[in-house]
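The structure under discussion appears below in the form of C-alpha cells.
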Amino acid sequence: MDDIEAVYGQIFRVGYSSDAIEHVYLLKADRKRLFDVLQGHSKQLPHSNHVVRTFLALLEVGNRLLGETVTSRDDHPSVVLKKPVYNDGEDITQLRGAPNVPIKTYQEPEEDVSQQSGLYSGSTRQGSVTNIDGNPLQRKQSVSVASMVADFEVASNITLVLLVWIQTVERANSQLHASTNSLGSAPESDSVELLFLEKDARLHLRNLLQNFKSLLTIAASKLKEESFDDNACLLTSKNILLFVVSLQRLTIASMVFYEGSKKPVVLSVLHTFYEANLSSSIHDFLANTAVKREGEIYKNAAVQLSYEAQSLLYLTEGILTTLPGTFLPIDAYSTQPDISSSEQPSNIYASYIKVLSFDEQTFMEFFVPRTSPILARMYAAFYNQAPDLYVEQITNTSFVAWVTANTIGGSPYVASDVNEITNLQKNLKTYALADNEPSPFLKEIEKAIFPTGQSLNYLPLLRVSLWMAAYSFNDNFLWHLTTSQDSKILDVWLCTASYVLRNTHDSRQLRAVSKLFVVMLLKITSPNVGSYRNNTYQRIVTNLKSYIVDEFKYKLCHQSGPIVPVALDESGKKSALYYIMDVCQVFFRANLTRKLNVEIFKGCSTILFQALEELDRESEQGHSTYAWVELYKTLIGFLTFIRKQKILKHSDLPQLSSLVEEVFCIIDVLLGPNFSRIVHDSIPVVYELSYQIMGNAEDLTALLADLALSDKSHLSTLCGLLEQLNQYVKSEDSEFEYRILVESGKLQAMLASSGKASSGTSFSTKTYSYKDTFVYYGSTIDFQFDKNILKIDQMALDEK
1304 MDDIEAVYGQ IFRVGYSSDA IEHVYLLKAD RKRLFDVLQG HSKQLPHSNH VVRTFLALLE
1364 VGNRLLGETV TSRDDHPSVV LKKPVYNDGE DITQLRGAPN VPIKTYQEPE EDVSQQSGLY
1424 SGSTRQGSVT NIDGNPLQRK QSVSVASMVA DFEVASNITL VLLVWIQTVE RANSQLHAST
1484 NSLGSAPESD SVELLFLEKD ARLHLRNLLQ NFKSLLTIAA SKLKEESFDD NACLLTSKNI
1544 LLFVVSLQRL TIASMVFYEG SKKPVVLSVL HTFYEANLSS SIHDFLANTA VKREGEIYKN
1604 AAVQLSYEAQ SLLYLTEGIL TTLPGTFLPI DAYSTQPDIS SSEQPSNIYA SYIKVLSFDE
1664 QTFMEFFVPR TSPILARMYA AFYNQAPDLY VEQITNTSFV AWVTANTIGG SPYVASDVNE
1724 ITNLQKNLKT YALADNEPSP FLKEIEKAIF PTGQSLNYLP LLRVSLWMAA YSFNDNFLWH
1784 LTTSQDSKIL DVWLCTASYV LRNTHDSRQL RAVSKLFVVM LLKITSPNVG SYRNNTYQRI
1844 VTNLKSYIVD EFKYKLCHQS GPIVPVALDE SGKKSALYYI MDVCQVFFRA NLTRKLNVEI
1904 FKGCSTILFQ ALEELDRESE QGHSTYAWVE LYKTLIGFLT FIRKQKILKH SDLPQLSSLV
1964 EEVFCIIDVL LGPNFSRIVH DSIPVVYELS YQIMGNAEDL TALLADLALS DKSHLSTLCG
2024 LLEQLNQYVK SEDSEFEYRI LVESGKLQAM LASSGKASSG TSFSTKTYSY KDTFVYYGST
2084 IDFQFDKNIL KIDQMALDEK
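This is the structure we're talking about:
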C-alpha cells in the first residue's frame, strides 16, 4: 500500500477526524486517484449524512490550510507550514503533524508548468496598470498587496485538491439532475442544497473565495515583475480560476434546473461571489498580462494568457457582471448608485467595471488582442460556409470580371480576400498589436476556430461576446469602441454580427450570441447612452455617423437572397450607423419563418428606429448614397409576410402585435419631411416607398385594421397616405399607372397632405397602442432585468 492509497482510502472512514483529513492536502495530490475516490462516494450524497459531512470537512480544512499560505510580512503565524524535504524515498519531515504512514515528498512537476498552467512566459518586461478598486464586502480588514506574501508552492497543491473536490460535486450534481423519477419529477434537493444547507458550510465557501482573492491579488502583482519565474504561482492561479468557473457552473446549473423556483440555499451559494468580490483581482490579472506599448511598438507581457486561461477570466467576469439583479442579495448592489440615473443600481461587479477609466491606448492594449482574433476567425469561418451571392451577382453582370477572374479591372469587392484579411499570422499588427512574435493565444485560436468547413465551434465567440457585454456597462469602453478606427474591433464585430444574425436559427449558441450582439447594438444606438468628454456629455450614437467601415474588407453577410447591397457609390466606405441598419436588415430578411424570434426582431426594429432618430437630427448625413429602397423592401416585405401567412391569427407568440406596430412606426418615420427630401438620380426616394406601399396596400390596410391601428395619431402619415392611395385607385376608370400619379404631381400632393396630418410629436414622446411597443427604446437593457441570461451563462460555461 503506497502513501496515496493509505491516505485517500481513509477519507470516508467512519471516525476519521478532521485533523486526519489534513493529510489529504499535505500529500502531493494525485488528481485522478483522488477524483476516483471522491466520485465513488459522491453518489451517496443524497443518502448519507456521513458522506455530506466528510465532503464539508474537506472544504473546511482546505480553506483553513489555504488561508495560512497568505500572511502579512509583519505577521508571525502561530503555525508555520514546513516545506517537505526530499529524502530519496525515506520518511520525510511532515507538515503540521503526520499520519501514521510514511509520506514522501512532493516535487515540482518535471513538465513545463508554464505551458501546463495555461499561462506562458514571454519576454521579460515591466508592466503597469491603474488599480481602481470598488467597494468589496470583506470579512476582515484588507491589507495592501505590498505587505502580503503567499507560499504558492503549498497553495498550488491545496488548490488542486479543492479543484478536484468542486469538480466531483459538480459531476454528482449533474448526475442527480438527470435522475428524475418515473413520473419525470425533479429531485427535491440537489448536491448544492445537500452540501450547503448549513450556514457554516456557506461561510467556509465565502472565506475560501476570500482566500482565493488574496492569492489572485498577490499573483497579479507578481506578474508585473521584470523577471517573473514562479511556476507554482501560475499553477495556483489556474486552479483557482478553474474552481471559480466550476462553482459558477454548479450554481447556475441548479438555478436553471429549478427554473421558476428560487432555492434559498442555491442563491446563498451564489451570493458568496458577491460577498467576496473578486472584481479587482480578476481585472488586475487581465491588465497585467496585456500587451504594452513602448515607444512606437507593442510588446507582449512577460506572462501571456493562453486561450483556456482567458476563457476562464471571460466567464468569471462576464457572468458575475451580467447576472440578473433579481437573483442578487441586496448588499451585492453598489452602495453608491448614481442618483441621477433612472436605472436600478448595478451589482458590485458591474459597478467596478462601470468606473474603470482608460484612454484609447489602454483600450487598444486591453481589448484588441483578446477580442479581434476570435472575431476575425469567426468572420472567416462564417464567410466560407456558403457562397457570397453578391460576388456571384458581380461576376455574372461583368464580362471583364468574368474573363479576368477580377484580376484586371475587376470589382474591388471581389478582389478583397476575406481569408487574407483575417489571417492572424499575416496581420499580427492588426489582431495582436505586437507584431514581433505571435502569441500562443493566436495559435490556439487558429486551432479552435477553423476558417473552412461546415462544423463551427461557436463557444469562443459566445464567451468573448459575454465578456464584451459585461464591459458595455462602461461608457469608456463604448466610446473607444465607436471612435477608435485603428482598433478595427467595431468593423469586424459588426460584420460578424451580420453572419450571426443571419444564422441565428441554426443553434442555441448562436441565438445566445445574437442576443448579446443585439443588446450591445441597442446600447450604442441608444439616445440615452453617452460619455462625458472635456466636461461635455456626448451621445455614443453620434460617433457611429463619422466612424467609417470598409464594407469591401468587412463584408456584410450576402449568403441568402435577397441580398442587402453595398453603398450606391460603390466606394466601399459606409458609416457605421448605416452598416448597423444593414445588419438589422440581414436579420429581417433571413429569418422570416412561422416561428419568429420576436425578441430579436423587436431588438432589431428598435435599433433601426434609434438609428433613424439620430439621422433625423441632421438633414444631410450621407443619405444620398445609402440604398434606402432596400430598407423599404425589407420593412414592407416583413409586414406582407405577417399578413399573407396569417401569423397573427395562427401564432401565440407574445409581443408580436407590438413588433408589427414598431415596423409600421418606422415606415411612418421614413415618410417624414427629412427622409422625404432624400434624392436618388433626381427622384425623391420617398416615391419608391410610396410605390411599395401602394403595391401592397391591400395587405397593409388589412393588417392595420387587424391591429386596430388605422386611425392612430402616431401613424397618421402612413394611414393618411394609404387612405388617399386607395381612394385614388378606386376612382380610376382604366388600369392604374403609378407613373401617371407621379408625373401629375398628385403623389407629391398626397405626401404633403399626409405629412400635415402627422401629430408632430418627437420620437421619444409618442404613445403607442401596445404596451410593449418599443419597450427597448432608449434603454440600456441591463441584464439584471433578464432572467434568460442564466441560460446563456449555462451555454457559455459548457465545456464541450
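The opening residue of the sequence shown carries number 1304 in my numbering; numbering runs sequentially from there. The C-beta atom is built at its ideal place from N, Cα and C for all residues, glycine as well.
- Glu2102 and Val1317 have their C-alpha atoms some 35 angstroms from each other.
- For Thr1786, same chain residues with a beta-carbon under 8 angstroms away, outside a window of 5 residues either side, are Glu1663, Asn1846, Tyr1850 in chain order.
- A distance below 6 angstroms between beta-carbons, with the five flanking residues on each side excluded, links Gln1812 to the following residues of its chain, in chain order: Tyr1761, Leu1765, Met2098.
- Annotation for Thr1733: no beta strand (DSSP E) segment contains it, though the alpha helix (DSSP H) segment containing it runs 1731-1734.
- Between Ser1494 and Gln1607, the beta carbon gap of about 36 angstroms keeps them out of contact (Cβ cut-off 8 angstroms).
- Per DSSP, the continuous beta strand (DSSP E) segment holding Asp1853 begins and ends at 1851-1853.
- The three-state secondary structure of Leu1463, taken from DSSP, is helix.
- Straight across, the Cα-Cα distance linking Gly1370 with Thr1462 is about 11 angstroms.
- When beta bridges are read from the DSSP output, Glu1597 appears opposite Ile1600.
- Inter-residue distance for Lys1858 and Asp1794 is about 10 angstroms (C-alpha atoms, whole angstroms).
- Selection Glu1933, Phe1941, Met1667 evaluated against Glu1965 yields Phe1941 as nearest (Cα-Cα).
- Nearest Cα to Lys1876 within the set Val1889, Lys1856, Leu1911: Lys1856.
- In the structure shown, the three-state DSSP call for Pro1957 is coil.
- Note on the region 1549-1573: there is no whole beta strand (DSSP E) run with a minimum of 3 residues.
- In the DSSP assignment, Thr1839 is bridged to Arg1836.
- Between Phe1630 and Met1558, the C-beta gap is smaller than 9 angstroms, which places the two residues in contact.
- Per the coordinates, the alpha-carbon of Met1884 lies some 28 angstroms from the alpha-carbon of Lys2094.
- By the C-beta criterion, the region 1967-1976 is judged to be in contact with the region 1906-1917, since at least 3 inter-stretch pairs fall below 8 angstroms.
- Note on Ala1332: 16 or more other CB atoms within 10 angstroms of its CB, so buried under the neighbour-count rule.
- Gln1696 is a Cβ neighbour of Ile1866, given a cutoff of 9 angstroms.
- Ser1351 and Gln1948 have their C-alpha atoms some 58 angstroms from each other.
- Between the region 1566-1574 and the region 1496-1505 there are three or more inter-stretch CB-CB distances shorter than 8 angstroms, so the stretches are counted as touching.
- A contact is defined here as three or more CB-CB pairs under 8 angstroms, and the region 1580-1588 fails this definition with respect to the region 1714-1721.
- Within the DSSP bridge table, the entry for His1983 names Ile1986 as partners.
- For Gln1607, the enclosing beta strand (DSSP E) starts and ends at 1606-1608.
- Distances from the alpha-carbon of Tyr1802 to those of Ser1768, Lys2074, Asn1777, Ala1683 put Ala1683 closest.
- Inclusion of Val1832 and Leu1781 in the CB contact set at 9 angstroms is warranted, their separation being smaller than that value.
- Counting along the chain, Val1869 sits inside no alpha helix (DSSP H), nor does DSSP assign it H or E at all.
- Taking the C-beta atoms as reference points, Leu1992 is found nearer than 9 angstroms to Leu1974.
- Comparing C-alpha distances from Ser1609 to each of Tyr1601, Lys1746, Asp1691, Ala1481 shows the shortest one belongs to Lys1746.
- With fewer than 16 other CB atoms across the displayed protein chains lying within 10 angstroms of its CB, Ile1986 is exposed.
- When DSSP reads this structure, Ser1375 sits in a beta bridge with Met1451.
- The three-state reading of DSSP puts Asn1650 in strand, counting E and B together.
- Here Cys1860 has Ser1801, Tyr1802, Arg1805, Val1889 as same chain residues with Cβ atoms under 6 angstroms from its own Cβ, once five neighbours each way along the sequence are excluded.
- A straight line joining the alpha-carbon of Leu1626 with that of Glu1917 spans about 31 angstroms.
- A Cβ-Cβ separation of about 23 angstroms leaves Ala1772 out of contact with Thr1725 under the 8 angstroms criterion.
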